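Here the structure comes first, spelled out in structure tokens, and everything after it is commentary.
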Amino acid sequence: MDIRFAEFSLPQSGAVVVGVWEDRALTGPARRLDEATQGAVARAVAAAPRFHGKKNELVPVIGPPGLPVSRIVLAGLGKPKAIDARLLEDLGGTLAAHLNSAGESEATFAVDLGDGAPVKPAEAAARLAYGAALRSYRFDKYRTKQKPEQKPSLSSITVSAASPGEAKQAYQALGAAAEAVAFTRDLVSEPANELYPESMAERAAALAGPDLPGLTVEVLDENRLSELGMGALLGVAQGSVRPPRVVVMQYRGVAADVAPLAFIGKGVTFDTGGISIKPAGGMWDMKWDMAGAGVVIGLMRLLAARRARVNAVGLVGLVENMPSGAAQRPGDIVRSMSGQTIEVLNTDAEGRLVLADVLWYCQDRFKPKAMIDLATLTGAVIVALGHENAGLFANNDELAERLVAAGKAVGEPVWRLPLAESYDRAIDSDAADVKNIAGDRAAGSIIGAQFVQRFVNNVPWAHLDIAGVAWSKKDAPTVPKGATAFGVRLLDRFVADYYESD
Ligand code: BES
Ligand code: MN
Ligand code: ZN
Numbered sequence: 033m034d035i036r037f038a039e040f041s042l043p044q045s046g047a048v049v050v051g052v053w054e055d056r057a058l059t060g061p062a063r064r065l066d067e068a069t070q071g072a073v074a075r076a077v078a079a080a081p082r083f084h085g086k087k088n089e090l091v092p093v094i095g096p097p098g099l100p101v102s103r104i105v106l107a108g109l110g111k112p113k114a115i116d117a118r119l120l121e122d123l124g125g126t127l128a129a130h131l132n133s134a135g136e137s138e139a140t141f142a143v144d145l146g147d148g149a150p151v152k153p154a155e156a157a158a159r160l161a162y163g164a165a166l167r168s169y170r171f172d173k174y175r176t177k178q179k180p181e182q183k184p185s186l187s188s189i190t191v192s193a194a195s196p197g198e199a200k201q202a203y204q205a206l207g208a209a210a211e212a213v214a215f216t217r218d219l220v221s222e223p224a225n226e227l228y229p230e231s232m233a234e235r236a237a238a239l240a241g242p243d244l245p246g247l248t249v250e251v252l253d254e255n256r257l258s259e260l261g262m263g264a265l266l267g268v269a270q271g272s273v274r275p276p277r278v279v280v281m282q283y284r285g286v287a288a289d290v291a292p293l294a295f296i297g298k299g300v301t302f303d304t305g306g307i308s309i310k311p312a313g314g315m316w317d318m319k320w321d322m323a324g325a326g327v328v329i330g331l332m333r334l335l336a337a338r339r340a341r342v343n344a345v346g347l348v349g350l351v352e353n354m355p356s357g358a359a360q361r362p363g364d365i366v367r368s369m370s371g372q373t374i375e376v377l378n379t380d381a382e383g384r385l386v387l388a389d390v391l392w393y394c395q396d397r398f399k400p401k402a403m404i405d406l407a408t409l410t411g412a413v414i415v416a417l418g419h420e421n422a423g424l425f426a427n428n429d430e431l432a433e434r435l436v437a438a439g440k441a442v443g444e445p446v447w448r449l450p451l452a453e454s455y456d457r458a459i460d461s462d463a464a465d466v467k468n469i470a471g472d473r474a475a476g477s478i479i480g481a482q483f484v485q486r487f488v489n490n491v492p493w494a495h496l497d498i499a500g501v502a503w504s505k506k507d508a509p510t511v512p513k514g515a516t517a518f519g520v521r522l523l524d525r526f527v528a529d530y531y532e533s534d
């Protein structure tokens, strides 16, 4: 979709969106259109019994008189004081969905907030465009028989702004974010026959190049992983014909001696459960068990694209968890890179085994300022928090507070759950140093986090259990149903707000 910024002039084709404040007060462009259409705008506002100009209210005026546009969409804005960046993103997204389902191909957004609103005009225009771009994502590369009316129709949006140059400038980083989110959504949406450890590593490796200066990508193969002693990760991978990979992405945005932030992703390209096999119903969802890794790769792309003033490393552990004659058995004991031995009582608790080795390797090699892992780790986090919040665990309060604040700011909320010694007792093993499940269903997400914490030394660390938020079954204003890329915007904001100021 083509996005442009231009000064407002009366459109002569396509759809045009204008804002209406709460209590039905017309904005400047709405009045201009009203004059050009012999009062059609004011008449529509008066005639729509449930339109008050509150946020999320839309009224289309199709084929208005006096102006050759296809429709005018009246968009409720609510109260000027309540306008913020998130509201505008949601409006942009809702408008894109409306126009796409209406079959419109070009649109002008003339949502002039004036000077009274808390968001500056250029920023407001950029946020509207960002929301529209986020919502317009589709994964349709495997759909060969779509009828024209099933395809998105909207091909260009012109957003009105008094200073188009400034709006375009404000959109630079946001446009890069929308692209990174789409990149992650593509990875997460791919089926497991197309996206497996090697092919996913190739997609990450392809990011390194002149377009993203400062970004380097290394791919560690199976031999290297065994040399490093990653017995926990290799144990998960051994049942599959697809060899595992660990991808190490480094982005340098400041002096080389500044310790990096580290992001680690679970990348199980398909999780059958292994010998502790999952039931058939719904197993297809496990193609997105690599969402944590997809988010880390998209985030690294974004930090590089917007030239973030930070050093960051992104590591992803890529494996396929399959049952086979070569698969690991319940009761097997593996030796992790840390030296700790792990009794694998359930081969379906595999994500934590992958994270164990990748986290250990990460802190060993990079001595990061902080480590944040993302993983579709437990079904239990869905029982606890549903699809609204990701589960957050941390060994450091400041880090946890920063993640909560960043999540709130971008609309990707996270809710902190506890860690404690008393939970940790549940994973002591009789046969090895630790076992990978507790043996009952109590506090499943906390148990998973406790296991992961056994592989973290004295470094500030946080774990995001994204099993409930990585995929959505319903449309939201800026997130069409499907892969959400939850975490890309959150962590980008986290970096921007707390690690780039100096
Ligand atoms: N990938 C799953 C968790 C999951 C479940 C993600 C539903 C997304 C949606 C994970 O590997 C898993 O199987 N976890 C087990 C852990 C259990 C065996 C302790 C679970 O949640 O049942
Ligand atoms: Mn599993
Ligand atoms: Zn899994």
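Reminder that position 3 of the sequence shown reads as 35 in our numbering, one-by-one numbering, no gaps. The beta-carbon is built from N, C-alpha and C at its ideal position, and this holds for glycine as well. Keep in mind the model is a prediction, meaning the values are calculated, not measured.
Query raised in the report: Can you list, in chain order, the residues of its chain whose CB lies under 8 Å from that of K310, leaving out five sequence neighbours each side?
Result: As a first step, residue 310 must be located in the sequence shown, where it is residue number 278. If the five residues before and after K310 are omitted, its C-beta is found closer than 8 Å to the C-beta atoms of D303, T304, M318, D380, all from its own chain and listed in chain order.
Requested in this report: Spell out the partners DSSP gives R277 in its beta bridges.
Outcome: Locating residue 277 in the sequence shown gives position 245, counting from the first residue. BP columns for R277 point to L350.
Query raised in the report: From V442 to A502, what distance separates their C-alpha atoms?
Result: Against the sequence shown, residue 442 aligns to sequence position 410. Against the sequence shown, residue 502 aligns to sequence position 470. In a straight line, the C-alpha of V442 is about 15 Å away from that of A502.
Query raised in the report: Got a sec, what are the start and stop residues for the alpha helix (DSSP H) L257 sits in?
Result: Within the sequence shown, residue 257 is the residue found at index 225, counting from 1. 254-260 is the span of the alpha helix (DSSP H), which, as asked, contains L257.
Query raised in the report: Is the stretch 504-513 touching the stretch 111-130, taking contact as three or more C-beta pairs under 8 Å?
Result: yes
Report task. Report the partner residues of W503 according to the DSSP bridge assignment. Result -> Taking the first residue of the sequence shown as 1, we reach residue 503 at position 471. Paired residue(s): A515.
**Report entry** Opposing strand residues paired with W392 [DSSP bridges]
**Finding:** The residue labelled residue 392 in the question sits at position 360 within the sequence shown. Answer is none; W392 lacks a bridge partner.
Query raised in the report: What's the C-alpha gap between E375 and A407?
Result: As a first step, residue 375 must be located in the sequence shown, where it is residue number 343. As a first step, residue 407 must be located in the sequence shown, where it is residue number 375. Going by the C-alpha atoms only, they are around 21 Å apart.
Query raised in the report: Quick one, are the C-beta atoms of G306 and G271 less than 9 Å apart?
Result: In the sequence shown, the residue the question calls residue 306 occupies position 274. In the sequence shown, the residue the question calls residue 271 occupies position 239. The answer is yes: Cβ separation under 9 Å.
**Report entry** Beta-carbon proximity check, A494 vs A438, cutoff 9 Å
**Finding:** Counted from its first residue, the sequence shown places residue 494 at position 462. Counted from its first residue, the sequence shown places residue 438 at position 406. Result no, Cβ atoms of A494 and A438 do not sit closer than 9 Å.
Query - 3 or more residues per run - each beta strand (DSSP E) lying fully within the stretch 84-169 - result: 90-94, 103-110, 138-142
Query raised in the report: Of all the options E211, F141, V249, which has the alpha carbon lying nearest to the alpha carbon of S168?
Result: Numbered from its first residue, the sequence shown carries residue 168 at position 136. Comparing Cα-Cα distances from S168 to each of E211, F141, V249, the minimum goes to E211.
Query raised in the report: How many angstroms separate the CA atom of A452 from the CA atom of I329?
Result: Locating residue 452 in the sequence shown gives position 420, counting from the first residue. Locating residue 329 in the sequence shown gives position 297, counting from the first residue. Using only the alpha carbons, I get a separation of about 31 Å.
Requested in this report: From the DSSP output, read off the bridge partner residues of M315.
Outcome: Working through the sequence shown from its first residue, we reach residue 315 at position 283. Bridge partners of M315: none, in fact.
Query raised in the report: Would you say L227 touches the ligand ZN, meaning its beta carbon is less than 8 Å from a heavy atom?
Result: As a first step, residue 227 must be located in the sequence shown, where it is residue number 195. Incorrect: L227 has no Cβ contact closer than 8 Å to the ligand ZN.
Report task. Would you tell me roughly how many angstroms separate the C-alpha atoms of I479 and D55, rounded to the nearest one? Result -> On the sequence shown, residue 479 is found 447 positions in, with the first residue counted as 1. On the sequence shown, residue 55 is found 23 positions in, with the first residue counted as 1. Taking the straight line joining both Cα atoms gives about 51 Å.
Report task. Kindly provide the chain-ordered list of residues whose Cβ lies closer than 5 Å to any non-hydrogen atom of the ligand ZN. Result -> V300, D303, D321, G383
**Report entry** Rounded separation between N421 and V300 - CA only
**Finding:** Stepping through the sequence shown from its first residue, residue 421 is reached at position 389. Stepping through the sequence shown from its first residue, residue 300 is reached at position 268. Cα to Cα, the separation comes out at about 22 Å.
Query raised in the report: On the premise that Y174 lies in contact with V342, defined as a C-beta separation below 8 Å, what is that separation, rounded to the nearest angstrom?
Result: As a first step, residue 342 must be located in the sequence shown, where it is residue number 310. As a first step, residue 174 must be located in the sequence shown, where it is residue number 142. The Cβ separation is near 37 Å, so there is no contact.
Report task. Report the option in G71, R525, W447, V491 whose CA atom is closest to the CA atom of A291. Result -> The sequence position of residue 291 within the sequence shown is 259, counting from 1. The candidate whose alpha carbon is nearest that of A291 is V491.
Report task. Indicate whether the contact test is met: 3 or more Cβ pairs, each with one atom in the stretch 36-51 and one in the stretch 101-114, closer than 8 Å. Result -> Judged by Cβ distances under 8 Å, the stretch 36-51 makes contact with the stretch 101-114, as three or more pairs qualify.
Report task. Can you say whether K298 is buried or exposed, counting buried as having 16 or more other CB atoms within 10 angstroms of its CB? Result -> Residue numbering aside, residue 298 sits at position 266 when the sequence shown is read from its first letter. So K298 counts as buried.
Requested in this report: For A336, collect the residues of the same chain with a Cβ closer than 6 Å to its Cβ; drop the 5 residues on either side in sequence, then sort them by chain order.
Outcome: Within the sequence shown, numbered from 1, the residue matching residue 336 stands at position 304. Correct list, in chain order: L244, G246, L247, Y283.
Query raised in the report: What first and last residue would you give for the beta strand (DSSP E) that runs through F37?
Result: Within the sequence shown, the letter at position 5 stands for residue 37. Run containing F37: 34-38, per the beta strand (DSSP E) assignment.
Report task. Please indicate yes or no: does the CB of N468 lie closer than 8 Å to some heavy atom of the ligand MN? Result -> As a first step, residue 468 must be located in the sequence shown, where it is residue number 436. Answer for N468: no, Cβ out of range of the ligand MN.
Query raised in the report: Where A205 and R338 are concerned, what is the direct C-alpha to C-alpha distance, given to the nearest angstrom?
Result: As a first step, residue 205 must be located in the sequence shown, where it is residue number 173. As a first step, residue 338 must be located in the sequence shown, where it is residue number 306. Each residue's alpha carbon lies about 6 Å from the other.
Report task. Assuming V366 contacts A458 (C-beta within less than 8 Å), just tell me the rounded distance between them. Result -> Taking the first residue of the sequence shown as 1, we reach residue 366 at position 334. Taking the first residue of the sequence shown as 1, we reach residue 458 at position 426. Contact between V366 and A458 does not hold, since their C-beta atoms are separated by about 19 Å, which reaches or exceeds 8 Å.
**Report entry** Assigned exposure category for Q482 - 16 Cβ within 10 Å defines buried
**Finding:** As a working mapping, residue 482 is identified with position 450 in the sequence shown. Label assigned to Q482: buried.
Requested in this report: Could you tell me the boundaries of the beta strand (DSSP E) in which I307 lies?
Outcome: Numbered from 1 along the sequence shown, position 275 holds the residue referred to as residue 307. I307 -> no beta strand (DSSP E), and no H or E assigned at all.
Query raised in the report: By Cβ distance below 8 Å, which residues in the same chain neighbour Q70 in space, the five residues on each side in sequence not counted?
Result: Against the sequence shown, residue 70 aligns to sequence position 38. Excluding sequence neighbours, Q70 sits near P97, G98.
Requested in this report: Taking A388 as the reference, give the member of E444, R486, A470, W316 with the closest Cα.
Outcome: As a working note, residue 388 is residue 356 in the sequence shown. Considering only alpha carbons, the answer is R486.
Requested in this report: Thinking S192 and A38 are a contact (beta carbons under 8 Å), I'd like their distance in whole angstroms, please.
Outcome: Residue mapping note: residue 192 aligns to position 160 of the sequence shown, counting from 1. Residue mapping note: residue 38 aligns to position 6 of the sequence shown, counting from 1. Your pair S192 and A38 checks out as a contact, with CB atoms roughly 7 Å apart and the cut at 8 Å.
Query raised in the report: Using a threshold of 8 Å, is the CB atom of D380 nearer than that to any non-hydrogen atom of the ligand MN?
Result: Your numbering for residue 380 matches position 348 in the sequence shown. True, at least one ligand heavy atom lies under 8 Å from that Cβ.
Requested in this report: Report the residue from G383, G95, V280, L266 whose alpha carbon sits nearest the alpha carbon of S411.
Outcome: As a position in the sequence shown, residue 411 is number 379, starting the count at 1. Sequence check: residue 411 is Gly here, not Ser. Cα-wise, what sits closest to G411 is G383.
Requested in this report: Would you give the residue range spanned by the beta strand (DSSP E) that T373 belongs to?
Outcome: Within the sequence shown, numbered from 1, the residue matching residue 373 stands at position 341. DSSP places T373 inside the beta strand (DSSP E), whose first and last residues are 373-376.
Query raised in the report: Smallest Cα separation from A134: which of P184, V77, L377?
Result: The residue given as residue 134 occupies position 102 in the sequence shown. With distances taken between Cα atoms, A134 lies closest to P184.
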